[in-house]
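Novice: Supplied in structure tokens, the structure appears directly below.
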Amino acid sequence: MLERRSARRLPGGVVAQKPAWRCASPLPATTALAFSTWAHALTRTSAGRLGGPTYAVPAVTVLFSWMWIADVPGRLALLDGAVCLAGVPASRLPGR
Numbered sequence: 002m003l004e005r006r007s008a009r010r011l012p013g014g015v016v017a018q019k020p021a022w023r024c025a026s027p028l029p030a031t032t033a034l035a036f037s038t039w040a041h042a043l044t045r046t047s048a049g050r051l052g053g054p055t056y057a058v059p060a061v062t063v064l065f066s067w068m069w070i071a072d073v074p075g076r077l078a079l080l081d082g083a084v085c086l087a088g089v090p091a092s093r094l095p096g097r
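With the numbering used here as the guide, the letters of the sequence shown map in order to residues 2 to 97.
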């Protein structure tokens with residue numbers, strides 16, 4: 002049977018909560034950094050020129066996770082990634 006815990010009540014019927022900083026995620030800060038970097042890069046060149054290197058982000062992420070935390074992707078995942086990366090230049094071929 003599950004144990005039921007009662008919440009600590011403060012004056013006025015307010016329920017005490019954990020401080021938010023204990024469970025805060027660094028995600029908003031990293032997202033803000035990524036968007037700021039992208040905005041800065043857009044001031045230097047066009048979005049069309051920046052689009053190409055964007056496709057390399059998943060491949061670089063897989064390589065870094067493989068090197069740093071030994072997260073080895075499966076064969077099918079590697080094949081899927083190779084097909085996706087090969088499709089990018091194929092879609093840019095002239096004559097379409």
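Don't be surprised by glycine CBs; every beta carbon is placed ideally from N, CA and C.
Nothing here was measured: the structure is a model prediction, and the numbers come from that model.
Relative to the alpha-carbon of L51, which residue among T62, T38, A60, V61 has its alpha-carbon at the smallest distance?
Specialist: Closest option to L51, Cα to Cα, is T38.
Novice: Please state if the CB of G82 and the CB of P59 are separated by a distance shorter than 8 Å.
Specialist: Yes, these two residues count as a Cβ contact at 8 Å.
Novice: Please report the distance separating the alpha-carbon of I163 from that of C85.
Specialist: Residue 163 lies beyond the range of the chain shown here (2 to 97); nothing can be said about it.
Novice: Restricting to Cα atoms, I'd like to know which of G96, V89, F65 is closest to Y56.
Specialist: Ranking G96, V89, F65 by Cα distance to Y56 puts V89 first.
Novice: From V73 to G49, what distance separates their C-alpha atoms?
Specialist: The straight-line gap from Cα to Cα measures roughly 32 Å.
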